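Counting the sequence shown from 1 gives a position; the numbering used here is that position plus 168.
Report on the following structure.
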Amino acid sequence: MESQIVTRRKLVSLAGAAAIPQALQNLAAQTNEPVIDIHQHTPYSGRTADELVVHQRKMGITKTIMLPAGRKYGLAAQAGGNDECVALCRRYPNEFVFCANELPNIPETREVLTKYLKMGALGIAEQKYPVESDSPHIHLIAQIAQEFNVPVLLHFQYNTYNLHFDRFSRILEKYPKVNFIGHAQTWWANIDKDQKEPALYPKGKVTPWGISSRFLRDYPNMYGDLSAGSGLNALTRDEDHAREFLKIHQDKLLYGSDCSDKFGTGEKCSGSQQLSTLRRLAGDKKIERKLLHGNAARVFKIA
Ligand SMILES: [Zn+2]
Ligand SMILES: [Zn+2]
C-alpha cells in the first residue's frame, strides 16, 4: 500500500514537470488503477488456469470475471465449466470471480444456474447457444437472472448463436430490471447501420446508429462487452466513429479480453490491444475509468 502511494506521488510530480513517456504512463495505469476484465475462460483452447493467471497479471487486470461453458460444446473453444471456474476463484479469491452457466434449453437449466448463483455467481454467462434471441429459453434465462438480480451476457452470431438479433428488443422490454450485455461478432458488426449480414468482422467506415447502438441508446438495461477480436475491430475499423461511440455510450460499455493466448501482450492478444486502444480513444480519464472499471463494478456489483 505505502509503496504504491510513493510511486504515485513520484509519477504525479513527473507528470507536472513534463509530458511523461508512454511506457511510464502504462506503468502508472498498471500500478495504481483497478481494471476489471469481464470476459475470460479456463481452460481455454488449451491454455491452463496457471497460464491464465500469468496472462491476466501481465495485462494489469485486478479482477477477472470467469465465464463458464455449459455441460456441452465448451463454448466452441474448449472452455471449462462451472466447477473449473469456481476452483480457480477459490485459489485466487481477490483476483477472480465467476458467473454461472448452463445450456438454456435442457430440463436442468434452472437447477444448475440456481446452484451456482447460490454459491455466489455474479451473473449468467456466457450464453452462446443455437436458440432464437426471443425464444422461451432466453425468457427462462432472463427470469432466473431477475430472481437473483444478476446480469446476463450473450454471444450474438448471425445464424449460429442467439438468432434474429433484432428481436432481442422484446427481451429488453419484457425484463427492464435485468441488465443484458451484448457480445461477439453480430453484436459489434451491427453498430453500423449499413451492416450486411452475414459479415462478422466488417471493415471500413461505420454509418452510425445500427441496431446495437440503438439498443444501447434506447434501453437502460442493455450494455456492451468490448472483448475479443469483434470488440477490437468495432473500434479500430473507424476510429473517428469509435471516439464518438465511446463518448455517447460511456456508461454502457465494459472492458473484457476473451483472448486465449498465454502472453497477455503482443499481436495475438486482443485483450491487451483493446486496453491500449481504449486508453488511446477514450478521450478523457473519467471515461477511460468507466470503461475499464466503473461500469463493470456497477453492473456486476464488485469493487
Ligand atoms: Zn463469445
Ligand atoms: Zn491475451
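Glycine included, every Cβ here is placed at the ideal spot set by N, Cα and C.
The structure presented is a predicted model; accordingly, all values stated were derived computationally and were not measured.
Endpoints, the alpha helix (DSSP H) within which residue i is located
i, result
"residue 460", "Residue 460 -> no alpha helix (DSSP H), and no H or E assigned at all."
"residue 431", "Segment: none, residue 431 is in no alpha helix (DSSP H) and carries neither H nor E."
"residue 398", "396-404"
"residue 415", "407-416"
"residue 439", "438-449"
Strand pairing of residue i, partner residues [DSSP]
i, result
"residue 360", "BP columns for residue 360 are empty, so no partner."
"residue 225", "Paired residues: none, contrary to the question."
"residue 422", "393"
"residue 215", "212"
"residue 300", "331"
Cβ-heavy atom distance, residue i to ligand 2, below 7 Å
i, result
"residue 424", "no"
"residue 267", "no"
"residue 444", "no"
"residue 223", "yes"
"residue 393", "no"
"residue 427", "yes"
"residue 440", "yes"
"residue 432", "yes"
Unbroken beta strand (DSSP E) run spanning residue i, endpoints
i, result
"residue 393", "390-393"
"residue 208", "204-208"
"residue 383", "No beta strand (DSSP E) holds residue 383; the alpha helix (DSSP H) holding it covers 379-386."
"residue 295", "292-295"
Heavy atom of ligand 1 within 7 Å of residue i beta-carbon
i, result
"residue 483", "Residue coverage of the chain in this structure runs from 169 to 471, which leaves residue 483 outside it and unanswerable."
"residue 323", "yes"
"residue 352", "yes"
Cβ-Cβ separation, residue j to residue i (assumed contact under 8 Å), whole Å
i, j, result
"residue 234", "residue 216", "Rounded, the Cβ-Cβ distance is 14 Å, inconsistent with contact."
"residue 206", "residue 422", "5 Å"
"residue 310", "residue 284", "The pair is not a contact, with the Cβ atoms about 17 Å apart (cut-off 8 Å)."
Where in the region 317-379 do unbroken runs of the alpha helix (DSSP H), each at least 4 residues long, occur, reported from the N-terminal end onward?
Counting only runs that start and end inside the region 317-379, the alpha helix (DSSP H) elements of at least 4 residues fall at 337-342 and 353-357.
Which runs of the alpha helix (DSSP H) spanning at least 4 residues fall entirely within the region 226-291, listed in chain order?
The qualifying runs are 250-259 and 277-286.
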